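Asks: Counted from 1, the sequence shown has number 6 at position 6 by this note's numbering; the numbering is strictly sequential.
Think of the CB as a built atom: it goes at the ideal place given N, C-alpha and C, for glycine as much as any other residue.
Computed from a prediction, not measured in an experiment: that's the story for all the values here.
Attaching a single structure in structure tokens format; questions to follow.
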Amino acid sequence: MNRELFTEGLIKIILTLEKDHHGCKEEGILIAKQLLGVEVESNPIREMINEVSQQEVEDYKKALNSFVTDNNQ
């Protein structure tokens, strides 16, 4: 797995847990398992409740990159 996909997966876990919706802990665990290559059973309702948009991931990456850049100067 490339670094970019792994980073996006970790961001999705963070955003999912921060939302604190019903089933978010389980969804975060399942995202982590998928990153490790474990096949997980789909649950459309839980996934819909805990959906993280690609825009949210991109915004988080920009903020993270800005934070890292500022702290390295």
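In whole angstroms, give me the CA-to-CA distance for THR69 and ALA63.
Replies: Their backbone Cα atoms lie some 10 Å apart in a straight line.
Asks: Beta carbon of GLU27, beta carbon of GLU47: below 9 Å?
Replies: Yes, they are a contact pair.
Asks: Which residues mark the beginning and the end of the alpha helix (DSSP H) in which ASP70 is found?
Replies: Where ASP70 is concerned, the enclosing alpha helix (DSSP H) stretches over 54-71.
Asks: Nearest to LEU15 by alpha carbon, out of ILE49, SER66, MET1?
Replies: Among ILE49, SER66, MET1, the Cα nearest to that of LEU15 is on ILE49.
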